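I have placed the structure first, in the form of structure tokens, so that the comments after it can refer back to it.
2 protein chains.
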Amino acid sequence: MAKTPTLEDVATRAGVSTATVSRCLNQPDVVVEETRARVMEAVEALGYAPNFSARALVAKRTQTIGAVIPTMENAIFAEGIQAFQDVLQAERYMLLVASSGYDPAAEAEAVRTLIARGADGILLIGLDRDPAVYDLLATQSVPAVVAWAFASGGPVPSVGFDNAASMRALVAQGVRLGHKRVAMISGRTEGNDRARARVEGATAALRAAGLPDLVVEEADYATGAAADALDRLLDRVPDVTLVVCGNDVLAAGAMQRAHALGLSVPGQLSVTGFDDLGLARLVQPALTTVRVPHKTMGEAAARALLAAVDGQATESLLLPTELCLRDSLAAPKS
Amino acid sequence: MAKTPTLEDVATRAGVSTATVSRCLNQPDVVVEETRARVMEAVEALGYAPNFSARALVAKRTQTIGAVIPTMENAIFAEGIQAFQDVLQAERYMLLVASSGYDPAAEAEAVRTLIARGADGILLIGLDRDPAVYDLLATQSVPAVVAWAFASGGPVPSVGFDNAASMRALVAQGVRLGHKRVAMISGRTEGNDRARARVEGATAALRAAGLPDLVVEEADYATGAAADALDRLLDRVPDVTLVVCGNDVLAAGAMQRAHALGLSVPGQLSVTGFDDLGLARLVQPALTTVRVPHKTMGEAAARALLAAVDGQATESLLLPTELCLRDSLAAPKS
DNA sequence: CCCGGTCTTGTAAGCGCTTACATCACGCAT
DNA sequence: ATGCGTGATGTAAGCGCTTACAAGACCGGG
Numbered sequence: 000m001a002k003t004p005t006l007e008d009v010a011t012r013a014g015v016s017t018a019t020v021s022r023c024l025n026q027p028d029v030v031v032e033e034t035r036a037r038v039m040e041a042v043e044a045l046g047y048a049p050n051f052s053a054r055a056l057v058a059k060r061t062q063t064i065g066a067v068i069p070t071m072e073n074a075i076f077a078e079g080i081q082a083f084q085d086v087l088q089a090e091r092y093m094l095l096v097a098s099s100g101y102d103p104a105a106e107a108e109a110v111r112t113l114i115a116r117g118a119d120g121i122l123l124i125g126l127d128r129d130p131a132v133y134d135l136l137a138t139q140s141v142p143a144v145v146a147w148a149f150a151s152g153g154p155v156p157s158v159g160f161d162n163a164a165s166m167r168a169l170v171a172q173g174v175r176l177g178h179k180r181v182a183m184i185s186g187r188t189e190g191n192d193r194a195r196a197r198v199e200g201a202t203a204a205l206r207a208a209g210l211p212d213l214v215v216e217e218a219d220y221a222t223g224a225a226a227d228a229l230d231r232l233l234d235r236v237p238d239v240t241l242v243v244c245g246n247d248v249l250a251a252g253a254m255q256r257a258h259a260l261g262l263s264v265p266g267q268l269s270v271t272g273f274d275d276l277g278l279a280r281l282v283q284p285a286l287t288t289v290r291v292p293h294k295t296m297g298e299a300a301a302r303a304l305l306a307a308v309d310g311q312a313t314e315s316l317l318l319p320t321e322l323c324l325r326d327s328l329a330a331p332k333s
Numbered sequence: 000m001a002k003t004p005t006l007e008d009v010a011t012r013a014g015v016s017t018a019t020v021s022r023c024l025n026q027p028d029v030v031v032e033e034t035r036a037r038v039m040e041a042v043e044a045l046g047y048a049p050n051f052s053a054r055a056l057v058a059k060r061t062q063t064i065g066a067v068i069p070t071m072e073n074a075i076f077a078e079g080i081q082a083f084q085d086v087l088q089a090e091r092y093m094l095l096v097a098s099s100g101y102d103p104a105a106e107a108e109a110v111r112t113l114i115a116r117g118a119d120g121i122l123l124i125g126l127d128r129d130p131a132v133y134d135l136l137a138t139q140s141v142p143a144v145v146a147w148a149f150a151s152g153g154p155v156p157s158v159g160f161d162n163a164a165s166m167r168a169l170v171a172q173g174v175r176l177g178h179k180r181v182a183m184i185s186g187r188t189e190g191n192d193r194a195r196a197r198v199e200g201a202t203a204a205l206r207a208a209g210l211p212d213l214v215v216e217e218a219d220y221a222t223g224a225a226a227d228a229l230d231r232l233l234d235r236v237p238d239v240t241l242v243v244c245g246n247d248v249l250a251a252g253a254m255q256r257a258h259a260l261g262l263s264v265p266g267q268l269s270v271t272g273f274d275d276l277g278l279a280r281l282v283q284p285a286l287t288t289v290r291v292p293h294k295t296m297g298e299a300a301a302r303a304l305l306a307a308v309d310g311q312a313t314e315s316l317l318l319p320t321e322l323c324l325r326d327s328l329a330a331p332k333s
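So the sequence lines, in the order shown, correspond to chains A and B.
Using numbering that gives the first Met the number 0, read the first sequence as starting at 0 and increasing by one per residue.
Using numbering that gives the first Met the number 0, read the second sequence as starting at 0 and increasing by one per residue.
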């Protein structure tokens, strides 16, 4: 194994000092053309690549951003994270990922690890977490931004959308169409402010319309779980005409079970989703849902975080969502 | 901002040398109980956390694994990567991700960056790439493993499945059911050995059965693109009875277009996918496809890579796939 | 022809950590 | 008593890089 060449090797070969080589790489303009050419030739010849650890040690900058994601399996995060990563890559930063599996303790631990590794900034998902995490971030002065949720004036800036208002608008649309008995299949709400906000939004819409309270069943992020939740809901609210779901995956599962039970959608039962995954258009009938600007959000979060790393003040950013009215929601029959 | 405490701060507070503190942290057993207690107390009090860059600089180990993924948006990678990452995290390694967007040059660049950052090992997707990448890996002696494809005896070990054989088995099943005119919607094959292998597998199955050659249309990884590809295929092969697709997303797109054209599936046209994403069960009719053990593969790849980092010899691992016979494939009408 | 300014390059001091080696204290065999 | 092995701790040399500061080269103006 050929030992990796060091700055010194390059310097020797080019007949200059290590300082000059370093300058060629970092501030080319201060080095005179001829010298630079000689150095660059040596760099090429040796296949030199700077050692990041050494550089980070003195520069106190790792060019690394950390992200703690519940899980990458979830398509909801995958797209946004990809966009986030694209921006980072373009700015010569790298992404260090950790996943929490929706466990607050694991998340806190991951943040600690990321800080110890010298992450220049950290991306967090959602607002729900141990305040100690924010304290840690503050005392270590590691900038962070929260995405997938929005709250102005929180401990760290957020880039996201209003989960509650979006769901409220969707349910209000259902109410406008004449639905009176509405139920919801929600994702797990414990430690998940996004899921909770969606439930709250739906509740608020019903309350504002003076309709009976929302009946909620929680389900794991899986179509099978959603299908079973639909059974329980049908049991508890036999006259339900609209089932709103916390996300598209749950909606797809619920719709599938509805079909299996011989219930036509939207004829006998309307079903809605949230997120507007590709999935939403592929199921029959196409899902009425809420479109979330995942890509925009990921990019904006990256920009915000990079700005913060750069020492610039960062504002929270509220992104708009959009109702996607498709076929799974229609006026109730009766 | 409170400057992060260093080893020296801890040493001073505990009244010992930095060497002793370092030993307490790395080889606690060589330090006498009483001293260790004093040191640990100081560590706690100061909230000390070792500086990774400094440690990496001297230890020449970063406890970091790099992965170059075409894109995380693709559900196919998301699940496997998550499993990969879970194993890493359990072994106290972190994952540094880069994406190539299916561009070989970008991939090579990413590998270079990852090496410069001192990644202890690198995960690569698929076999297709500039041989220079393997050379680089070899000269820098950075272990790597390839996943999502399989080739024994390649430059680096692989953990994956046989794309060609799997597709061949699927098409053979179609042939068995009586299909004679078969066409394929493939993902882009340029620089993508997985896509190419799937085409080859389908071709081989037809040839073995003495049937007319496979007609292929390529499409980007999107349902709309697949739908358009179906149009072209129908144009080229009006009497086609089975359209096999390179993956489930393409299949879903093709099926959707078939419905829009008034073609019943599988009545007038059979359609198959590949990967068995959750999607496959949600579309109508449920997709006949090939199940790929993404999770197992991700985990196995992580174990193999970690073993290689540890200096152990690593064998390639071929994982089995499984035909998922569902409703979108049936015997042709005529 | 000398002086000071400008521009380029070299010198060397760390950054925080690990680790080979030196040192020291102790206790036991001789 | 002397010497030596043993185990605990300290000393100090880097790891590869950046960067303040010093040094030298060269220029034009007085």
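Cβ atoms here follow ideal geometry from the backbone N, Cα and C, with glycine treated the same way.
Please read all numbers here as calculations on a predicted model, not as lab measurements.
(message) Just to make sure I have the definition right: I need the residues of chain B whose C-beta is within less than 9 angstroms of the C-beta of A:P49. Which are they?
(response) Indexing the first sequence from 1 puts residue 49 of chain A at position 50. The contacting residues are A115.
(message) Less than 6 angstroms between C-beta atoms, sequence neighbours within five positions excluded: which residues of the same chain meet that for A:A105?
(response) Against the first sequence, residue 105 of chain A aligns to sequence position 106. Here the set comprises S99.
(request) Helix, strand or coil for B:V86, going by three-state DSSP, please let me know. (result) Locating residue 86 of chain B in the second sequence gives position 87, where the first residue counts as 1. DSSP places B:V86 in helix when its eight states are reduced to three.
(request) Give the C-beta separation of B:G125 and B:N73 to the nearest angstrom, bearing in mind that I take them to be a contact with Cβ-Cβ under 8 angstroms. (result) Counting from one through the second sequence, the residue named residue 125 of chain B turns up at place 126. Counting from one through the second sequence, the residue named residue 73 of chain B turns up at place 74. Between B:N73 and B:G125 the Cβ distance is about 12 angstroms, and since that is not below 8 angstroms, they are no contact.
(request) Enumerate, from N- to C-terminal direction, the unbroken alpha helix (DSSP H) stretches of 4 or more residues contained entirely within the region 0-44 of chain A. (result) Inside the region 0-44 of chain A, DSSP marks whole alpha helix (DSSP H) runs of 4 or more residues at positions 6-13 and 17-25, from first to last along the chain.
(request) Mind checking who A:D274 pairs with in its DSSP beta bridge? (result) Within the first sequence, residue 274 of chain A is the residue found at index 275, counting from 1. Bridge partners of A:D274: A:R290.
(request) Measure the alpha-carbon distance for A:L304 versus B:P284 and round it to whole angstroms. (result) Here residue 304 of chain A is taken as the residue at index 305 of the first sequence, counted from 1. Here residue 284 of chain B is taken as the residue at index 285 of the second sequence, counted from 1. For A:L304 and B:P284, the distance between alpha carbons rounds to 44 angstroms.
(request) Report buried or exposed for A:Q311, applying the criterion of at least 16 other Cβ atoms within 10 angstroms of its Cβ. (result) Working through the first sequence from its first residue, we reach residue 311 of chain A at position 312. Exposed is the call here.
(request) Say whether the region 242-252 of chain A touches the region 293-308 of chain A, bearing in mind that this needs 3 or more beta-carbon pairs closer than 8 angstroms, one atom from each stretch. (result) The count of Cβ pairs closer than 8 angstroms, one atom from the region 242-252 of chain A and one from the region 293-308 of chain A, stays below three, leaving the stretches out of contact.
(message) Please return the same chain residues whose Cβ sits closer than 6 angstroms to the Cβ of A:A41, not counting the five positions on each side in sequence.
(response) Here residue 41 of chain A corresponds to residue number 42 of the first sequence, with the count starting at 1. Its chain contains V9, R12 and A13 as the residues whose beta carbon lies nearer than 6 angstroms to that of A:A41, once the 5 sequence neighbours on both sides are disregarded; these appear in chain order.
(message) Going by beta-carbon coordinates alone, are B:L229 and B:A329 separated by less than 8 angstroms?
(response) In the second sequence, residue 229 of chain B corresponds to position 230, counting from 1. In the second sequence, residue 329 of chain B corresponds to position 330, counting from 1. Not closer than 8 angstroms, so no.
(request) State the Cα-Cα distance for the pair B:M0 and A:G46, rounded to the nearest angstrom. (result) Translated into the one-based positions of the second sequence, residue 0 of chain B becomes position 1. Translated into the one-based positions of the first sequence, residue 46 of chain A becomes position 47. For B:M0, the predicted model reports a pLDDT of 43, less than 50, meaning its position is unreliable; a value from the coordinates is still stated below. Each residue's Cα considered, the two are about 39 angstroms apart.
(message) Check this for me: beta carbons of B:A82 and B:K332, under 8 angstroms apart or not?
(response) On the second sequence, residue 82 of chain B is found 83 positions in, with the first residue counted as 1. On the second sequence, residue 332 of chain B is found 333 positions in, with the first residue counted as 1. Against a cut-off of 8 angstroms, the Cβ pair of B:K332 and B:A82 comes out as no contact.
(request) Give the DSSP-derived three-state secondary structure of B:E216 in the structure shown. (result) Along the second sequence, read from residue 1 onward, the residue named residue 216 of chain B stands at position 217. The answer is strand: DSSP assigns B:E216 an E or B state.
(message) On the DSSP letters alone, give me the boundaries of the alpha helix (DSSP H) that B:A182 sits inside.
(response) The residue given as residue 182 of chain B occupies position 183 in the second sequence. First-last for B:A182: V181 to G186, but that is the beta strand (DSSP E), not the alpha helix (DSSP H).
(request) Apply the 10 Å Cβ neighbour rule to A:G209 and answer buried if 16 or more other Cβ atoms are within range, or exposed otherwise. (result) Within the first sequence, residue 209 of chain A is the residue found at index 210, counting from 1. Per the 10 Å Cβ criterion, exposed.
(request) Please state whether DSSP places A:G159 in a helix, a strand or coil. (result) Against the first sequence, residue 159 of chain A aligns to sequence position 160. Three-state DSSP puts A:G159 in a strand.
(message) Between B:A207, B:V86, B:V38 and B:A257, which has its C-alpha nearest B:K179's C-alpha?
(response) Mapped onto the second sequence, residue 179 of chain B falls at position 180. If we check each option's Cα against that of B:K179, B:A207 comes out closest.
(request) Taking A:A107 as the reference, give the member of A:Q84, A:V86, A:A131 and A:V96 with the closest Cα. (result) Locating residue 107 of chain A in the first sequence gives position 108, where the first residue counts as 1. Ranking A:Q84, A:V86, A:A131 and A:V96 by Cα distance to A:A107 puts A:A131 first.
(message) Using a 10 Å radius around the Cβ and a threshold of 16 neighbouring Cβ atoms, would you call B:V270 buried or exposed?
(response) Residue 270 of chain B sits at position 271 when you count from the first residue of the second sequence. It counts as buried.
(message) Using the three-state DSSP reduction, which class does B:G120 fall into: helix, strand or coil?
(response) The residue you call residue 120 of chain B lines up with position 121 of the second sequence. Three-state DSSP puts B:G120 in a strand.
(request) Compare the Cα-Cα distances from A:V158 to each of A:T138, A:V145, A:A164 and A:V96 and report the closest residue. (result) If you number the first sequence from 1, residue 158 of chain A lands on position 159. For the residues A:T138, A:V145, A:A164 and A:V96, the minimum Cα distance to A:V158 belongs to A:V145.
(request) Report yes or no: do three or more beta-carbon pairs, one from the region 181-191 of chain B and one from the region 146-154 of chain B, lie closer than 8 angstroms? (result) No, the region 181-191 of chain B does not touch the region 146-154 of chain B.
(request) Find the nearest neighbour of B:G223 within the set A:A253, A:E216, A:L278 and A:E217, judged by alpha-carbon distance. (result) The residue labelled residue 223 of chain B in the question sits at position 224 within the second sequence. Among A:A253, A:E216, A:L278 and A:E217, the Cα nearest to that of B:G223 is on A:L278.
(request) From the DSSP output, read off the bridge partner residues of B:E321. (result) As a working mapping, residue 321 of chain B is identified with position 322 in the second sequence. Partner(s): B:R290.
(message) Just to confirm my understanding: we take A:E217, look at its own chain, exclude 5 residues before and 5 after, and list those with CB closer than 6 angstroms. What are they?
(response) Mapped onto the first sequence, residue 217 of chain A falls at position 218. Same-chain partners within the cutoff: S185 and R187.
(message) So, at 6 angstroms on beta carbons, what are the nonlocal neighbours of A:A301 in its own chain, with the 5 sequence-adjacent residues on each side left out?
(response) Your numbering for residue 301 of chain A matches position 302 in the first sequence. Taken in chain order, the residues that qualify are F83, V86 and L87.
(message) Check for me: the beta strand (DSSP E) holding A:T63 runs from which residue to which?
(response) Stepping through the first sequence from its first residue, residue 63 of chain A is reached at position 64. Element bounds for A:T63: T63 to I68.
(request) Quick one: grab the DSSP three-state call for A:A97. (result) Residue 97 of chain A sits at position 98 when you count from the first residue of the first sequence. A:A97: strand per DSSP, three-state reduction.
(message) Once DSSP output is grouped into helix, strand and coil, what is the label at B:L316?
(response) Looking up residue 316 of chain B in the second sequence gives position 317. When DSSP states are grouped into helix, strand and coil, B:L316 belongs to the strand group.
(request) Starting from B:L135, trace the alpha helix (DSSP H) both ways and give me its first and last residue. (result) By 1-based counting over the second sequence, the position of residue 135 of chain B is 136. B:L135: member of the alpha helix (DSSP H) spanning P130 to T138, first to last residue.
(message) At the level of alpha carbons, what is the spacing between A:E78 and B:I75?
(response) In the first sequence, residue 78 of chain A corresponds to position 79, counting from 1. In the second sequence, residue 75 of chain B corresponds to position 76, counting from 1. Whole-angstrom Cα-Cα distance: 13 angstroms.
(message) For the region 65-72 of chain B against the region 59-70 of chain A, do three or more pairs of beta-carbon atoms, one drawn from each stretch, fall closer than 8 angstroms, so that the two count as touching?
(response) Counting Cβ pairs under 8 angstroms, fewer than three are found: no touch.
(request) Name the two residues that bound the continuous beta strand (DSSP E) containing B:V145. (result) Walking along the second sequence from the start, residue 145 of chain B turns up at place 146. Annotation for B:V145: the continuous beta strand (DSSP E) segment containing it runs A143 to A146.
(message) Rounding to the nearest angstrom, what Cα-Cα distance links A:V198 and A:N162 in this structure?
(response) Counting from 1 along the first sequence, the entry for residue 198 of chain A is found at position 199. Counting from 1 along the first sequence, the entry for residue 162 of chain A is found at position 163. In this structure, the alpha-carbon of A:V198 lies about 9 angstroms from that of A:N162.
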